[in-house]
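The next block holds one structure in the form of structure tokens; read it before the comments.
There are 2 protein chains.
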Amino acid sequence: MPVDPNPAGLAAEPGATAREQTRRRIIDVAIDLLERGGRDAVTTRAVADAAGLQPPALYRLFGDKEGLLEAVAEHGFTRFLAAKHIGPDPQDPIRELRVGWDIAVEFGLANPALYALMYGEPRFTTVFRIGLELLTERIRRLAAAGLLRVEEDLAAQIIHATARGAVLTWLSLPEPQRDPALLHALREAMITAVTTQDPAVQEQGPAGAARALRARLPDQDVLSPAEQRLLTEWLDRLSA
Amino acid sequence: MPVDPNPAGLAAEPGATAREQTRRRIIDVAIDLLERGGRDAVTTRAVADAAGLQPPALYRLFGDKEGLLEAVAEHGFTRFLAAKHIGPDPQDPIRELRVGWDIAVEFGLANPALYALMYGEPRFTTVFRIGLELLTERIRRLAAAGLLRVEEDLAAQIIHATARGAVLTWLSLPEPQRDPALLHALREAMITAVTTQDPAVQEQGPAGAARALRARLPDQDVLSPAEQRLLTEWLDRLSA
DNA sequence: ACATATCTGTTAACGACGATATTAGCCCTG
DNA sequence: CAGGGCTAATATCGTCGTTAACAGATATGT
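Protein sequence lines correspond, in order, to chains A and B. Positions 398 to 637 (the numbering used here) are the ones given, in order, by the first sequence. Positions 398 to 637 (the numbering used here) are the ones given, in order, by the second sequence.
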């Protein structure tokens, strides 16, 4: 394993390693071949030819072809995130969720071959994991507002599954049968499944959540009386 | 185009053409190879070898490899329909919809490689079209009962998309992260989007407030790290 | 009944693919 | 100037999908 001569990632654009530059060039031509001629068009020979090197060079940079495709998926994903990044909207986290879902779906519709590469076959890939983690981050803001109907991990899975089904189904339909109402219906179904209409907490911050929980604590039966007694004490401290 | 010597499909099992019998044998071994070793294990040589012929024989029967895979997908689909066919339930078409969705999802979870072959890549295939048509048939009964919220075609697309997202997402998750609540949530989201039935609003209880407090826990400093750790565990239990 | 056509499966081979071992060129350090 | 270590090119292997040419079996037509 060679040492990265640019560990901090400073000046990544101009000062990147030659190795990193050729990697980028190869990934770019691979994405181009992918979107132009489908997955079967991405052969080691075609990629090497379009990038101006010999096929064995790919194996030194990506290990094998699967590594190349993984790098392609990862790069396409990060490029999408960088281009369409939306700032947090503390005013309306539900609107933020809608916008984020729309952006993810639009990315799939705009890059069908890349999307099929990333989410076509069901495998636990890095891209899949990172996508869920980024979702979890935003879901936390929903939870903090008391707007979450389900657990955070489950919410991320629901959001991902509806978007994935939306993109793949849309792309499977012949053009005249594609109706934007499908996307709208799936998005709103996702919103209903994930969020709740009336927030569970009114006041912001940990104190508000603690007071809301303390008020509803008698309804539960998953904690023993002793646990509940100690929890109540902590909630009182948090409420102050 | 040769004339089908058995157009009525009578006595399909014993009286089938020799051609039809070898086709079935080849499809069976192809399905076996598919579920055992994934899509890459289905090579013309491996299939021919397992079926006791030489590779060129496949081309007389299926045209090319894509034709073979298409026949595999189609056969797996019809076999699934024959095995799990459910009769119409005029008493409760919404329950019929739930059962049908569950069956479709279970089929995907039970035959992951076959499902990925049928619905992994977004293409307008015969299997996709027939699946939607069969759905439309049942949706008509919902419409007749006045329970449909959207157009029939759109309803079929919503049902398909939620099931597709459910299966692929479920199969993408590592085993410990697979929660049946995902399937339940997606199914009920589908019901809400497709039918006029009001969503069964379950009483929130302390779960929402617990999730809100858990999301805001890092913001506080009145609890010690040890207290916070135990509190997090309790909040997770309350959130479920 | 016999010749003919069709079907079915074989052997052999082609071109392209993913992948690797080996060899030649290059730069940097001493 | 010498030599080690990295980079890149050459040549090659085994496998893949696919096709051509051919042989036996079967059905068909007169």
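Beta carbons: idealized from backbone N, C-alpha and C, even for Gly.
Compute the beta-carbon to beta-carbon distance between Leu-458 of chain B and Arg-422 of chain B, rounded to the nearest angstrom, for a pair I have assumed lies under 8 Å.
-> So it is not a contact: roughly 10 Å between Cβ atoms.
Ala-612 of chain B vs Arg-537 of chain A beta-carbon contact at 7 Å = Cβ atoms of Ala-612 of chain B and Arg-537 of chain A: closer than 7 Å.
Have a look at A:Asp-576, A:Pro-485 and A:Thr-522 and flag the residue whose alpha-carbon is nearest the alpha-carbon of Glu-534 of chain A.
-> With respect to the C-alpha of Glu-534 of chain A, the residue from A:Asp-576, A:Pro-485 and A:Thr-522 having the closest C-alpha is A:Pro-485.
Among B:Ala-510, B:Gly-528 and B:Thr-593, which has the Cα closest to the Cα of Gly-497 of chain B?
-> Checked all of B:Ala-510, B:Gly-528 and B:Thr-593; the closest Cα to Gly-497 of chain B is B:Gly-528.
Please list the segments of the alpha helix (DSSP H) lying wholly inside the segment 458 to 487 of chain A, counting only runs of 4 or more residues, in order along the chain.
-> Within the segment 458 to 487 of chain A, the complete alpha helix (DSSP H) runs of at least 4 residues are 462 to 481.
Determine the DSSP secondary structure at Gly-406 of chain A, reduced to helix, strand or coil.
-> Low confidence applies here, because Gly-406 of chain A scores a pLDDT of 33, under 50, leaving its location unreliable; read the following figure in that light. DSSP, reduced to helix, strand and coil, places Gly-406 of chain A outside both helices and strands of the structure shown, so it counts as coil.
By a C-beta neighbour count over all protein chains shown, 10 Å radius and 16 as the cutoff for buried, is Thr-592 of chain A buried or exposed?
-> That one is buried.
What did DSSP end up calling Thr-592 of chain A once you bin it into helix, strand or coil?
-> In the structure shown, Thr-592 of chain A sits in a strand (DSSP, three-state: E or B).
If you draw a straight line from the alpha carbon of Ala-513 of chain B to that of Gln-554 of chain A, how long is it in whole angstroms?
-> Computed Cα separation, rounded: 19 Å.
Cβ neighbour criterion (16 or more within 10 Å) applied to Ser-621 of chain A | Exposed: under 16 other Cβ atoms inside 10 Å.
Close-in-space but distant-in-sequence residues of the same chain around Gln-451 of chain A (CB under 7 Å, 5 per side omitted) | Take Gln-451 of chain A, set aside five residues on each side of it, and the residues of its chain with a beta-carbon closer than 7 Å to its own are Ala-445, in chain order.
Near-chain B residues of the segment 588 to 619 of chain A (beta-carbon distance less than 7 Å), N- to C-terminal order | Those residues of the segment 588 to 619 of chain A that come within reach of chain B (Cβ to Cβ, closer than 7 Å) are Thr-589, Ala-590, Thr-593, Ala-597, Val-598, Gly-602, Pro-603, Ala-606, Ala-607, Ala-609, Leu-610, Arg-613, Leu-614, Asp-616, Gln-617 and Val-619.
CB contact flag (Ile-556 of chain B, Leu-539 of chain B, <7 Å) | It is not a contact, given that the beta carbons lie outside the stated cut-off.
Just the Cα atoms here: how many angstroms apart are Gly-460 of chain A and Thr-566 of chain B?
-> Near 28 Å, if we compare the C-alpha coordinates of Thr-566 of chain B and Gly-460 of chain A.
For Leu-620 of chain B, three-class secondary structure by DSSP = Under the three-state reduction of DSSP, Leu-620 of chain B is assigned to coil, being neither helix nor strand.
Near Thr-629 of chain B, which residues of its chain fall below 6 Å by C-beta distance, leaving aside the five closest residues on each side in sequence?
-> So no residue of the chain qualifies.
Exposed or buried, Ala-541 of chain B, counting other C-beta atoms within 10 Å across all chains shown (16 or more means buried)?
-> Exposed is the label assigned to Ala-541 of chain B, since fewer than 16 other Cβ atoms lie within 10 Å of its Cβ.
Please list, in chain order, all residues of the same chain as His-472 of chain B whose beta carbon is under 6 Å from its beta carbon, the five residues on each side excluded.
-> Cβ neighbours of His-472 of chain B beyond the five flanking positions: Ile-424.
Note down, in chain order, each residue of its chain lying with its Cβ closer than 7 Å to the Cβ of Gln-594 of chain A, except the 5 sequence neighbours on either side.
-> Contacts found: none.
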